[in-house]
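In the working numbering, the protein residues as written are 6 to 161.
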């Protein structure tokens, strides 16, 4: 759904439309994404369905402009249509763009490990050791420090 809002990326200054889409996962990351339909197949399909502009910014492996008439170019390559970052390979461009955003004070480098909640009992077939003891009166207490760490069998 076109929200009618526009975003202005800090490095290009070009207005881009803000859309709401059902394939953006609210429980994963920020719930907002920057679509790059020329180079991501899901974004390509969304843009094609709604008649959005598909601007290529990565050259094909042979150095030519990619043919985006049927699908996105998803390989990493050399940037073009990217202003001062034209001619940079993907890794160099990634770093140069991150540096430029930091220099302008509108971004910072951050590692996102994409960790999700997990059940501790699913880590080993006998479960993860949670060192607790049950006393004769039914009271449950953490194991004393002297009994830690819990050593699991190595031959299972």
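Ideal placement from N, C-alpha and C gives every residue a C-beta, glycine not left out.
| Item | Value |
| --- | --- |
| Return the chain-ordered ranges of every alpha helix (DSSP H) run that is complete within the region 28-98 and spans a minimum of 4 residues. | 46-55 |
| Based on Cα-Cα distance, which residue from 73, 37 and 42 lies nearest to residue 27? | 37 |
| Compute the Euclidean distance between the alpha carbons of residue 15 and residue 137, then round it to the nearest angstrom. | 53 Å |
| Taking only three categories from DSSP, how would you classify residue 106? | helix |
| Determine whether the beta carbon atoms of residue 93 and residue 83 lie at a separation below 8 Å. | yes |
| Report yes or no: is there a C-beta of chain C within less than 8 Å of the C-beta of residue 14? | In the displayed structure, chain C is absent; only one protein chain is listed. |
| Since residue 9 is in the beta strand (DSSP E), which residue starts that stretch and which ends it? | 7-12 |
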